[in-house]
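Chemist: Handing you this structure, nothing more for now.
2 protein chains.
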Amino acid sequence: MTERVHNFSAGPCTLPLSVLEEGQAEFVDYHGAGMSLIEMSHRGKHFVAVHEEAIDLVRTVYGVPDEFDVLFLQGGATLQFAMVPMNLLKSGERGAYVNSGTWAKGAIADAQHYGDVYTAWDGTDCNFTRMPNTGEIEIQSGTRYLHLTSNETIGGIRFGDWPKVDVPLVGDMSSDYMSRPVPWDRFDLVYGGAQKNLGPAGMALVIIRKTVARENNQNIGRYLRYDIQADKDSMFNTPPVFPIYMLGKVLKWMRDQGGVEAMERQAEDKAGILYRAIDDSGGYYRCPVDVDSRSVMNVVFRLPSEDLEKTFLSGADAAGLLNLKGHRSVGGIRASIYNAMPKEGVQALASFMSDFQGAHPA
Amino acid sequence: MTERVHNFSAGPCTLPLSVLEEGQAEFVDYHGAGMSLIEMSHRGKHFVAVHEEAIDLVRTVYGVPDEFDVLFLQGGATLQFAMVPMNLLKSGERGAYVNSGTWAKGAIADAQHYGDVYTAWDGTDCNFTRMPNTGEIEIQSGTRYLHLTSNETIGGIRFGDWPKVDVPLVGDMSSDYMSRPVPWDRFDLVYGGAQKNLGPAGMALVIIRKTVARENNQNIGRYLRYDIQADKDSMFNTPPVFPIYMLGKVLKWMRDQGGVEAMERQAEDKAGILYRAIDDSGGYYRCPVDVDSRSVMNVVFRLPSEDLEKTFLSGADAAGLLNLKGHRSVGGIRASIYNAMPKEGVQALASFMSDFQGAHPA
């Protein structure tokens, strides 16, 4: 086998090696069944056990209370941009949105087709370099929920503290799912694509308050109804078998690491290494994000020039530090260090940054 | 490794062993990249190559003309039940549906939320034991399309000939996708879940006339718009990476077998073995389906009593002939013999049927 690289991709992204090795060993013949898990009926005993165990693991690892349903849906977070307002907004109710960047804008754009929505805080003026404080968020009357993007992958910003507002929160957790505890009493629904912290692409994990799921709109296609998906335990139609199976393995790995609290400590630790490398560089590396809003999943920074950034990226690539290029809409460098990124990867990047600065003075 | 069984599951279902073995070999380290394909950015060179090759293979293996887009979506055929009318039906237009059983009923139920739909032929009276002839299908004025379910997995019926009507066809091909050629000039759109003939669960393959995709409704969430999915080449958001990857391998296997024409010949051949075993049993085995509508993917039959059916199923299971139980809504026996079911599996089942009849007279 080729030596394993350090993969800083923003998603899909690095997964625990032990999880991949287990998946490989079981791939053709699952537990002596004489067939692969991906060939099995989703209503057969093997997959039902995988499915139920994955739901249980989401509950235990993430501390999800009994008042919530755990759903495995398809269409990624993007389909949730539509499903949330389609299900939750009734006539006369409004959806409030924090515009924190690219992903929030997507959620707002889609919601406008399904209800009366407004922007309760807009980060455009600060070029999306920070999240709002609670006091800056303007909730209007008739508001059903406040939608927020927990972490913006492109801008490298996150909510350090969850907003304290008088309406339920709905959170797009795609890029920091299960990297820190959630105050469940303040949320009606959280959702996110699996392909960063949870497993392979092709699944959205939706965690919805049971009463909210049952109050939803009935005049939409059945796939799109939270009540049906909840009542059928995400088995209304054939579920995304392989992503659910891999999610279960990733969750076991997280549980064995110490759960979401351990993920949080590790994330703070890993991000701290990179932010120190930036802050201690005498201005050579610059992070455009306000300190309080710095993401611990996506660390973005600039070099003294775009030419140096190009040299940095090709040098990193040669050193086995891959996919560090910032999103095409903002440029610069982005190190995505999700749960499965080992500390050694981050240390290797910090060393590379130090060496690079020495070799390429501004 | 355990000996491989013959898996007659209705879906997810058996896949070619060579495809599984390739997937296993590449699972942890994809082509020497030092990471798994499922860890890679969907915009990176490795996955983009996989994605484009899979689209090309759909075109070549299935003979899809240039006038059609090939889309890899999520949510299965079930989400298409909603997306089709949501996108295609404009004010004043009607959707006609053939009610051929469980899956057609699902399509009709969801379509009613998005437009004016009606049943152009109803198989309820014949208990869904046959498909209609063209002359029996009543198209009303203002009809945009006629929706049909190419093959009904539960009833074991299929359209032997495609209806010749004056409106474009829309086909749910889930359970006989790529098992026979399609007269593309008569279709505006075909769709289906991947988990029977095409690969693992978690993907819908949608093939849509380009002009139709661009005329769709703009007032819906972006994930749900065919025009956006087509313009972005199914990369509007993170696609279902693993199912697309495995689809590509299954399509290469189909191409190497001789393409969709070979799949059709093999299907007729395999189904013929089972229908002969039924018809030559002197009434011991009975297929409730009209001869002209007999499915070559799902062969359903009954035994002289439900007790004998139970004995049959447990004996088959012990003989490595698995998942032969009919759908819970109809009972009996169902042998799903999709493209990847080897002829030996079907021959083994026919032998078992003959032996069973000898050992258990009516």
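Protein chains in written order, with our numbering: chain A, 668 to 1029; chain B, 668 to 1029.
Backbone N, C-alpha and C fix where the C-beta goes; we use that ideal spot for every residue, glycine too.
Nothing here was measured: the structure is a model prediction, and the numbers come from that model.
Under the DSSP definition of a beta bridge, which residues are partnered with residue 992 (chain A)?
Modeler: A:1000
Chemist: Name the chain A residues that come within less than 9 Å of residue 748 (chain B), Cβ to Cβ?
Modeler: At a beta-carbon threshold of 9 Å, the residues of chain A lying near residue 748 (chain B) are 888, 889, 890, ordered along the chain.
Chemist: Step through the CB atoms of chain A and report whether any lies within less than 8 Å of the CB of residue 879 (chain B).
Modeler: No, its Cβ sits nowhere closer than 8 Å to a Cβ of chain A.
Chemist: Taking the beta strand (DSSP E) that residue 814 (chain B) belongs to, which residues open and close that run?
Modeler: 810-816
Chemist: If you run the structure through DSSP and keep just helix, strand and coil, what is residue 859 (chain B)?
Modeler: strand
Chemist: Give the residues of chain A in contact with residue 1012 (chain B), contact being defined as C-beta atoms less than 9 Å apart.
Modeler: Under the 9 Å cutoff, chain A gives no residues; its nearest Cβ is about 12 Å from residue 1012 (chain B).
Chemist: Taking the CB atoms as reference points, tell me whether residue 1004 (chain A) and residue 919 (chain A) lie closer together than 8 Å.
Modeler: Cβ distance not < 8 Å, so residue 1004 (chain A) and residue 919 (chain A) don't count as in contact.
Chemist: Would residue 743 (chain A) pass as a contact of residue 871 (chain A) if the rule is Cβ separation under 8 Å?
Modeler: yes
Chemist: Specify the secondary structure class of residue 719 (chain B) as computed by DSSP and reduced to three states.
Modeler: helix
Chemist: Determine, using beta carbons only, whether residue 709 (chain B) comes closer than 8 Å to chain A.
Modeler: yes
Chemist: With a threshold of 7 Å on Cβ separation, who are the neighbours of residue 753 (chain B) within its own chain once the five nearest residues in sequence on each side are excluded?
Modeler: Taken in chain order, the residues that qualify are 781, 884, 887, 891.
Chemist: Buried or exposed: residue 808 (chain A), going by 16 or more other Cβ atoms within 10 Å of its Cβ?
Modeler: exposed
Chemist: I need the straight-line Cα distance from residue 683 (chain B) to residue 992 (chain B), nearest angstrom please.
Modeler: 22 Å
Chemist: Please list, in chain order, the residues of the segment 684-706 of chain A that have any C-beta partner in chain B closer than 8 Å.
Modeler: 684, 687, 688, 690, 691, 694, 695, 696, 699, 700, 701, 702, 703, 705, 706
Chemist: Along the segment 772-789 of chain B, where does the CB come closer than 8 Å to a CB of chain A? Name the residues.
Modeler: For the segment 772-789 of chain B, the set of positions with a beta-carbon nearer than 8 Å to some beta-carbon of chain A reads 773, 776, 777, 780, 781 in chain order.
Chemist: Given this structure, state the Cα-to-Cα distance separating residue 770 (chain A) from residue 940 (chain B), to the nearest angstrom.
Modeler: 55 Å
Chemist: Please classify residue 703 (chain B) as buried or exposed, where buried requires at least 16 other C-beta atoms within 10 Å of its C-beta.
Modeler: Under the 10 Å beta carbon count, residue 703 (chain B) is surrounded by 16 or more other beta carbons and is classified as buried.
Chemist: Count the other C-beta atoms from every protein chain shown that fall within 10 angstroms of the C-beta of residue 864 (chain A), then say buried if there are 16 or more, exposed otherwise.
Modeler: buried
Chemist: Among the candidates A:834, A:1006, A:955, whose CA atom is the shortest distance from the CA of residue 964 (chain A)?
Modeler: Comparing Cα-Cα distances from residue 964 (chain A) to each of A:834, A:1006, A:955, the minimum goes to A:1006.
Chemist: Let me make sure I understand the geometry here. Which of A:691, A:800, A:916 has the alpha-carbon closest to that of residue 716 (chain A)?
Modeler: A:916
Chemist: Is residue 704 (chain A) helix, strand or coil by DSSP?
Modeler: helix
Chemist: Note down, in chain order, each residue of its chain lying with its Cβ closer than 6 Å to the Cβ of residue 895 (chain B), except the 5 sequence neighbours on either side.
Modeler: The answer, listed in chain order, is 889, 903.
Chemist: Note the first and the last residue of the continuous alpha helix (DSSP H) segment covering residue 1068 (chain A).
Modeler: For residue 1068 (chain A) there is no data in the structure shown, the boundaries of chain A being 668 and 1029.
Chemist: Can you give the Cα-Cα distance for residue 720 (chain A) and residue 723 (chain B), rounded to whole angstroms?
Modeler: The alpha-carbon atoms of residue 720 (chain A) and residue 723 (chain B) are separated by roughly 38 Å.
Chemist: Quick one: what's residue 738 (chain A) bridged to in DSSP?
Modeler: A:873
Chemist: Pull up the CB-CB distance for residue 676 (chain B) and residue 707 (chain A), whole angstroms please, since I reckon it's below 8 Å.
Modeler: 7 Å
Chemist: Using beta-carbon positions only, say whether residue 797 (chain B) and residue 824 (chain B) come within less than 8 Å of one another.
Modeler: yes
Chemist: Hey, residue 735 (chain A) and residue 874 (chain A) are a contact pair by Cβ (cut 8 Å); roughly how many whole angstroms apart?
Modeler: 5 Å
Chemist: Going by C-alpha to C-alpha distance, which of A:1018, A:987, A:997, A:1020 sits closest to residue 670 (chain A)?
Modeler: A:987
Chemist: For the 8 Å Cβ check, are there 3 or more pairs between the segment 833-840 of chain B and the segment 849-865 of chain B?
Modeler: Touching, per the Cβ criterion.
Chemist: In chain B, which residues lie less than 8 Å from residue 671 (chain A) when you measure between Cβ atoms?
Modeler: 696, 701, 702
Chemist: Cutting at 6 Å between CB atoms, please list the residues of its own chain near residue 830 (chain B), excluding the five before and the five after it.
Modeler: 801, 804
Chemist: Alpha carbons only, please: which of A:948, A:954, A:983, A:868 is nearest the one belonging to residue 1024 (chain A)?
Modeler: A:948
Chemist: Mind checking whether residue 966 (chain A) and residue 714 (chain A) have CB atoms under 8 Å apart?
Modeler: For residue 966 (chain A) and residue 714 (chain A), no; Cβs fall outside 8 Å.
Chemist: On a CA-only basis, which of A:899, A:845, A:879 is nearest residue 730 (chain A)? Give me that one, please.
Modeler: A:845
Chemist: When Cβ atoms are compared, which residues of the segment 852-884 of chain A fall closer than 7 Å to chain B?
Modeler: 860, 862, 867, 868, 869
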